[in-house]
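Visitor: Dumping the structure here so I can ask a few things about it.
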Amino acid sequence: MKITDIKAVYPAWKKKGSGAWQEYYWQIVVRVETDTGVLGYGYGGGGEPGKLIVNGHLRDALIGRTIGSVDDIRDTWDHLYFKSLPYGRNGIVIMALSGIDLALWDLLGKTEGKPVYELIGGLKKDKVRAYATGGDPARVRDLGYTAVKRSHKWRSDADYDVAAVQAARCRELFGPDALLMFDCYMSWDAWVALRMREILAEYEPYWFEDLITPDHLDELAELRPRLAPVLLAGGEHDFSHHAFRAIARAGALDLWQPDITWCGGITAGLRILDLARSQGVPVCPHRGGEIWGLHLIAATDCMDLAETHPDRRNDMDGSVLLDEPVVSGGEIAPADRPGFGVTLKPAYC
Ligand SMILES: [Mg+2]
Numbered sequence: 546m547k548i549t550d551i552k553a554v555y556p557a558w559k560k561k562g563s564g565a566w567q568e569y570y571w572q573i574v575v576r577v578e579t580d581t582g583v584l585g586y587g588y589g590g591g592g593e594p595g596k597l598i599v600n601g602h603l604r605d606a607l608i609g610r611t612i613g614s615v616d617d618i619r620d621t622w623d624h625l626y627f628k629s630l631p632y633g634r635n636g637i638v639i640m641a642l643s644g645i646d647l648a649l650w651d652l653l654g655k656t657e658g659k660p661v662y663e664l665i666g667g668l669k670k671d672k673v674r675a676y677a678t679g680g681d682p683a684r685v686r687d688l689g690y691t692a693v694k695r696s697h698k699w700r701s702d703a704d705y706d707v708a709a710v711q712a713a714r715c716r717e718l719f720g721p722d723a724l725l726m727f728d729c730y731m732s733w734d735a736w737v738a739l740r741m742r743e744i745l746a747e748y749e750p751y752w753f754e755d756l757i758t759p760d761h762l763d764e765l766a767e768l769r770p771r772l773a774p775v776l777l778a779g780g781e782h783d784f785s786h787h788a789f790r791a792i793a794r795a796g797a798l799d800l801w802q803p804d805i806t807w808c809g810g811i812t813a814g815l816r817i818l819d820l821a822r823s824q825g826v827p828v829c830p831h832r833g834g835e836i837w838g839l840h841l842i843a844a845t846d847c848m849d850l851a852e853t854h855p856d857r858r859n860d861m862d863g864s865v866l867l868d869e870p871v872v873s874g875g876e877i878a879p880a881d882r883p884g885f886g887v888t889l890k891p892a893y894c
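The opening residue of the sequence shown carries number 546 in the numbering used here; numbering runs sequentially from there.
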């Protein structure tokens, strides 16, 4: 089938006025049309600039291409990557390209009558263990979660106690077998991390995420063994397999967390996974409980762990799709429907 048109829209997300980047460049919806009448939908990033990139140069580069196989999607990814390379490679361009890639996987799945996980290679996990980022811990426990992540931004020494209180509360509520993680959102440094490791040791944190900025791979590599047994996780702000190759070369992280709607879609996700496998590094996609990453997790040797935001639904995120899978008994699974198996609200179709 031939691509006849492509269009990105930027939903009117609710702004909270925090000034955070997400309020400016959040998720776009990409729609791909074909000469067979089948439509594909994907989810990318980059807000208004992402939309302009898709609707401009990338649209013109895409129209007329034939999509009949996974190889065609791969070739198309490379075509768009090289076309946009002088101004792309990272950031908003790859976030936008992610939406196109995901729309092509959706399109191929719908054409072949197969879920995307079948196109990737078939289900390897019927259900995926969900973890909760944020949310009231008691409510999260009542929802059946057995893994939780707390956001923690370090600003002053008082935050050591804040982290310890959070960890103690989670251990008390979830018990000794639950996974407990901390997302530092690039606000810690080596000294804070080592001190946190000491203070939190009795609560056995599983990983520290996004500890410092991804520009400091050598510092991360140096710190990594000193934090053991706590794993050093990251990668949500890295784009395509090229960035992860640099992470691998530096030995910067114990665990990789590409975001499938930002890093280049399923196509880039599979390349990152190939690389991770060759390095013996586990992969746990950022926001993996959203349908785009969930198909990849379910169909591959990604970790059996999917990130969900119990409090984010119906807020900024999750208000575009009508029938996303939900967590039940602490687990989540993609629907057995063609493509990604989700329907968009009519406003975005
Ligand atoms: Mg994070």
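Think of the CB as a built atom: it goes at the ideal place given N, C-alpha and C, for glycine as much as any other residue.
If you're wondering where the values come from, they're calculated on a predicted model, not measured in any experiment.
Enumerate in chain order the residues of its own chain whose CB-to-CB distance from histidine 786 is below 7 Å, with the five nearest sequence positions on each side excluded.
Guide: For histidine 786, where only same-chain residues beyond five positions count, the Cβ hits under 7 Å are Ala813, Arg816, Ile817 and Leu820.
Visitor: Measuring straight from C-alpha to C-alpha, what distance separates glycine 680 and valine 661?
Guide: Straight-line Cα distance between these residues: approximately 30 Å.
Visitor: Are there any heavy atoms of ligand 1 lying less than 7 Å away from the beta-carbon of histidine 831, as far as the coordinates show?
Guide: True, at least one ligand heavy atom lies under 7 Å from that Cβ.
Visitor: Evaluate serine 563 with the Cβ neighbour count: other Cβ atoms within 10 Å of its Cβ, from every protein chain shown; 16 or more gives buried, anything less gives exposed.
Guide: Classification of serine 563: exposed, given that the 10 Å Cβ count is below 16.
Visitor: Any heavy atom of ligand 1 closer than 7 Å to the Cβ of aspartate 646?
Guide: Aspartate 646: no, Cβ never under 7 Å from ligand 1.
Visitor: Indicate the three-state DSSP secondary structure (helix, strand or coil) for aspartate 856 in the structure shown.
Guide: It is coil, neither helix nor strand.
Visitor: Within the same chain, show all residues whose beta-carbon is closer than 7 Å to that of proline 883, passing over the 5 residues directly before and after it, in chain order.
Guide: Around proline 883: Gly654, Lys655, Gly658, Lys659 and Pro660.
Visitor: Is it buried or exposed, threonine 581, if we count other Cβ atoms within 10 angstroms and call 16 or more buried?
Guide: That one is exposed.
Visitor: Give the DSSP bridge partners of arginine 576, in chain order.
Guide: Answer by DSSP bridge pairing, in chain order: Lys552 and Tyr586.
Visitor: Taking 7 Å as the line, does the beta carbon of aspartate 856 fall inside it for any heavy atom of ligand 1?
Guide: For ligand 1, not one heavy atom lies less than 7 Å from the Cβ of aspartate 856.
Visitor: Going by C-alpha to C-alpha distance, which of Leu649, Ala648, Lys672 and Ile618 sits closest to proline 870?
Guide: Nearest C-alpha to proline 870: Lys672.
Visitor: Inspect the beta-carbon positions of alanine 843 and proline 879 and report whether they are closer than 8 Å.
Guide: A contact, by the Cβ cut-off of 8 Å.
Visitor: The alpha helix (DSSP H) with glycine 636 in it runs from where to where?
Guide: First-last of the alpha helix (DSSP H) with glycine 636: 636 to 657.
Visitor: Please state the DSSP three-state secondary structure of arginine 700.
Guide: Note: arginine 700 maps to coil in three-state DSSP.
Visitor: Does DSSP put lysine 890 in a helix, in a strand, or in coil?
Guide: DSSP places lysine 890 in coil when its eight states are reduced to three.
Visitor: With a threshold of 7 Å (Cβ to nearest heavy atom), would tyrosine 730 be considered close to ligand 1?
Guide: True, at least one ligand heavy atom lies under 7 Å from that Cβ.
Visitor: Aspartate 799: beta carbon under 7 Å from a heavy atom of ligand 1?
Guide: False, no ligand heavy atom lies under 7 Å from that Cβ.
Visitor: Should aspartate 783 be listed as close to ligand 1, given that the test is whether its C-beta is under 7 Å from any heavy atom?
Guide: Incorrect: aspartate 783 has no Cβ contact closer than 7 Å to ligand 1.
Visitor: Since glutamate 754 and cysteine 729 are thought to touch, with beta carbons under 8 Å apart, how far apart are those beta carbons, to the nearest angstrom?
Guide: Right, their Cβ atoms sit about 6 Å apart.
Visitor: If you run the structure through DSSP and keep just helix, strand and coil, what is glutamate 835?
Guide: Residue state, collapsed to three classes: coil.
Visitor: Kindly examine ligand 1 and report whether one of its heavy atoms sits closer than 7 Å to the Cβ of glutamate 835.
Guide: No, the Cβ of glutamate 835 stays beyond 7 Å of every heavy atom of ligand 1.
Visitor: Any heavy atom of ligand 1 closer than 7 Å to the Cβ of aspartate 722?
Guide: No - ligand 1 has no heavy atom lying nearer than 7 Å to the Cβ of aspartate 722.
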